[in-house]
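Going by our numbering, the sequence shown opens with residue 1051, and the numbers climb by one from there.
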Amino acid sequence: MSNRSYTLSVFVLLFSLSGCAQVAPLSNVDYVDLQRFMGRWYVIGGIPTFFEKGAHNPTETYQIGNDGTIETTFTFNDGSFEGDQKSYRPIGFVVDKQSNAVWEMQFIWPFKADYRIIYLDEQYAHTVIGREKRDYLWIMSREPRIEELVWKEILILVESVGYSSDQIHQFPHAKVSK
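What follows is the structure, encoded as structure tokens:
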């Protein structure tokens, strides 16, 4: 077999196999009441980005800006509960105005990242944010802890839409006194 035929055969094989691993498009929730969604969320777990690795006490806070964008503040202690506090302030843009569940997040202008609300309970107490690429994931709660049963149900959900629970990391939160 010539080198060219071999290369073409490998390409055809890889192209045909690539269709086997395709995952269905990531579905988002039907509707998000943005006013109810705003406020502080504790990031309980997920597939972390490079700057979230080692995060302790991570929270994400949303506020609707005067221009309709979502002002976001992501805060955490770096490396330990006593670690330096770090904050990032990306801007969220609601892309799907019918559902309010598909956003783009902009950490650095002009780049925007996919951000989809794929789960939100009726009480707005727990949410899951995913990305079409399924490379990152955030499981969030209004409280710094999540019940074990809720955690397991969320893991089943995220696996059903193409995420691997083996990649999901739980973020530590210090006990909060009320």
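Even for Gly, the Cβ is constructed at its ideal location relative to N, Cα and C.
The continuous alpha helix (DSSP H) containing V1208 extends over residues 1198-1210. If only complete runs of 3 or more residues are kept, the region 1109-1197 shows the beta strand (DSSP E) at 1120-1128, 1135-1138, 1141-1144, 1152-1158, 1161-1170, 1176-1180, 1187-1191, in order along the chain. By the neighbour-count criterion, in which 16 or more other beta carbons inside 10 Å mark a residue as buried, I1189 falls on the buried side. In the DSSP annotation of this structure, the continuous segment of the alpha helix (DSSP H) that includes Q1085 starts and ends at 1084-1087. Across the set F1221, S1215, V1211, I1120, the C-alpha of V1211 shows the shortest separation from the C-alpha of L1076.
When C-beta atoms of the region 1176-1184 are compared with those of the region 1113-1133, fewer than three pairs fall below 8 Å, so the two segments do not count as touching.
In this structure, H1219 and G1095 form a Cβ contact; the two beta carbons are roughly 6 Å apart against a cut-off of 8 Å.
Looking at the DSSP output, Y1092 sits in a beta bridge with T1109, S1191. With a cutoff of 8 Å on beta-carbon distance, N1078 and A1151 are scored as near each other. Between Q1135 and F1143 the beta-carbon gap is near 26 Å, outside 8 Å, which marks them as no contact.
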